[in-house]
Amino acid sequence: MSSCLQTNSLVTSDGRTYVYDYVPAKGGNVTVLLIHGYPATRHDWKNQVEDLSAAGYGVIAPDCLGYGDSDMPLEIDAYNLKQIANHLIEILDNEGLSKVVGVGHDWGTNVLSRTVVWHPDRFEKLAFLSLGFSAPGIFSDIDSLNAYSLAQLGYMQFGYFYFFNAYDAGALAASNLESFFSLAFPVDNFKWAENLAGLGTARAWLNNNTITSLPKYLTEQDKKTWLDAYSKDNATESSMNYYKALLRGVQAKDEEILTDEDRTLKVPVLAIGGSQDLVTRADQLGMMTKPFAAAGYTEKTVDAGHWMMYEDREGVSSALLEFLEE
Numbered sequence: 001m002s003s004c005l006q007t008n009s010l011v012t013s014d015g016r017t018y019v020y021d022y023v024p025a026k027g028g029n030v031t032v033l034l035i036h037g038y039p040a041t042r043h044d045w046k047n048q049v050e051d052l053s054a055a056g057y058g059v060i061a062p063d064c065l066g067y068g069d070s071d072m073p074l075e076i077d078a079y080n081l082k083q084i085a086n087h088l089i090e091i092l093d094n095e096g097l098s099k100v101v102g103v104g105h106d107w108g109t110n111v112l113s114r115t116v117v118w119h120p121d122r123f124e125k126l127a128f129l130s131l132g133f134s135a136p137g138i139f140s141d142i143d144s145l146n147a148y149s150l151a152q153l154g155y156m157q158f159g160y161f162y163f164f165n166a167y168d169a170g171a172l173a174a175s176n177l178e179s180f181f182s183l184a185f186p187v188d189n190f191k192w193a194e195n196l197a198g199l200g201t202a203r204a205w206l207n208n209n210t211i212t213s214l215p216k217y218l219t220e221q222d223k224k225t226w227l228d229a230y231s232k233d234n235a236t237e238s239s240m241n242y243y244k245a246l247l248r249g250v251q252a253k254d255e256e257i258l259t260d261e262d263r264t265l266k267v268p269v270l271a272i273g274g275s276q277d278l279v280t281r282a283d284q285l286g287m288m289t290k291p292f293a294a295a296g297y298t299e300k301t302v303d304a305g306h307w308m309m310y311e312d313r314e315g316v317s318s319a320l321l322e323f324l325e326e
């Protein structure tokens with residue numbers, strides 16, 4: 001890890017505490033904002049923090065609201081993504097960063113999508129990993145997406161959304177935490193959709209307290225870091241609130257005013273998919289992102305599953321560095 005790494009904290013104007021890692025840029029290079037997904041923390045970016053900072057780029061990687069060392073409010077309305085976007089901008093302001101390159105993975109792409117729409121002047125480029133641009137103000141019909149994938153692919157991609165929206169999901173995950181880790185970080189990428197994404201399969205996995213061996217792309221320290229983070233009070237409950245907020249329409253009031261012009265991405269865009277990811281599929285990145293990418297769209301595929309930052313460090317870091325240097 002970079003010797004210049006700082007771990008900083010900020011209390012936002014509305015009273016939320018965020019913790020983030022920061023390495024200042026060298027030689028006038030841009031800083032990269034790294035937004036993690038679910039169920040994760042800023043630790044997911046440890047390889048890219050090292051690789052990008054070694055090349056002279058700045059990096060800033062927060063624990064998003066509800067995760068890790070940042071605040072974990074339990075009220076679902078706290079996961080209003082316009083508000084969270086504003087929090088991220090306050091973090092950038094705290095470090096004197098007027099413009100950054102935004103990079104999101106998994107749920108982090110959703111947060112990034114909102115942040116760039118509400119604050120387009122703060123981004124020079126955008127990269128979406130595993131999931132593409134989630135256009136704000138366009139209804140996310142999970143029922144239709146599941147029906148479509150079931151018909152076209154033979155399985156539901158997002159059946160786990162219903163479980164994460166359940167009142168007892170956070171408690172069930174907390175009481176079977178190592179099993180939840182095994183569910184989230186698959187040993188066999190090609191069985192992940194079967195175990196996670198089917199209707200009722202995530203609940204069944206946890207009810208059976210299924211525990212697998214450590215995936216080859218993680219270390220024992222990675223696992224310990226994750227277990228420590230998700231052992232904190234409210235950690236499983238608070239982080240699932242992103243799903244609850246989505247399914248319960250928390251974003252709708254803010255986003256109903258947005259137009260196609262607002263949703264247009266006016267900076268270069270990179271999308272990276274994992275060839276072994278059957279839940280957030282590489283072959284769906286283009287349809288999500290390309291129609292909105294008015295200033296150029298590049299797509300790459302790495303030989304990895306969902307957790308590409310661990311699984312193919314070189315592939316992901318090289319793709320990001322090439323994009324930054326263009």
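Numbering (full-length UniProt numbering) for the sequence shown: 1 to 326.
Glycine included, C-beta positions come from ideal geometry on N, C-alpha and C.
Just checking my contact of residue i with residue j at CB under 8 Å: how many whole Å lie between their CB atoms?
| i | j | result |
| --- | --- | --- |
| Ile24 | Gly58 | According to the sequence shown, residue 24 is Pro rather than Ile. Going by Cβ atoms, the distance from Pro24 to Gly58 rounds to 5 Å, so yes, they are a contact pair. |
| His105 | Met309 | 7 Å |
| Phe158 | Ala184 | Between Ala184 and Phe158 the Cβ distance is about 15 Å, and since that is not below 8 Å, they are no contact. |
Quick check on residue i: buried or exposed, where buried means 16 or more other Cβ atoms within 10 Å of its Cβ?
| i | result |
| --- | --- |
| Glu326 | exposed |
| Cys64 | buried |
| Gln6 | exposed |
| Gly27 | exposed |
| Ala293 | buried |
| Phe133 | buried |
| Gln251 | buried |
| Gly200 | exposed |
| Leu153 | exposed |
| Ile84 | buried |
| Lys46 | buried |
| Lys224 | exposed |
| Ser179 | buried |
Among the options, which has the Cα closest to the Cα of residue i?
| i | options | result |
| --- | --- | --- |
| Leu10 | His36, Met240, Ala61 | Ala61 |
| Asn146 | Arg122, Met156, Lys224, Arg248 | Met156 |
| Glu95 | Val30, Leu112, Leu129 | Val30 |
| Phe323 | Gly102, Leu285, Leu247, Lys266 | Gly102 |
| Leu74 | Tyr148, Gly137, Ser239, Leu270 | Ser239 |
| Ser317 | Val32, Cys4, Tyr22, Asn8 | Val32 |
| Ala40 | Trp107, Cys4, Asp283, Ser144 | Trp107 |
| Ser140 | Glu237, Phe128, Phe161, Leu214 | Phe161 |
| Val279 | His306, Val100, Pro291 | His306 |
| Leu34 | Leu247, Val111, Tyr79, Asn8 | Val111 |
| Asn234 | Glu124, Ala169, Asp44, Leu150 | Ala169 |
Taking 7 Å as the cut-off, decide whether the C-beta atoms of residue i and residue j are in contact.
| i | j | result |
| --- | --- | --- |
| Thr109 | Leu131 | yes |
| Pro268 | Gly296 | yes |
| Asn189 | Trp205 | no |
| residue 363 | Lys244 | Not covered by the structure: residue 363. The range shown for the chain is 1 to 326. |
Contact the stretch 175-184 vs the stretch 201-215: 3+ CB pairs below 8 Å
yes
Count Cβ pairs between the stretch 116-124 and the stretch 40-56 that sit closer than 8 Å; are there 3 or more?
no
Indicate whether the contact test is met: 3 or more Cβ pairs, each with one atom in the stretch 264-277 and one in the stretch 294-302, closer than 8 Å.
yes
Closer than 8 Å is the cut-off here; do at least three beta carbon pairs connect the stretch 67-81 with the stretch 13-21?
yes
Check whether the stretch 216-234 and the stretch 89-99 touch, using three or more Cβ-Cβ pairs below 8 Å as the test.
no
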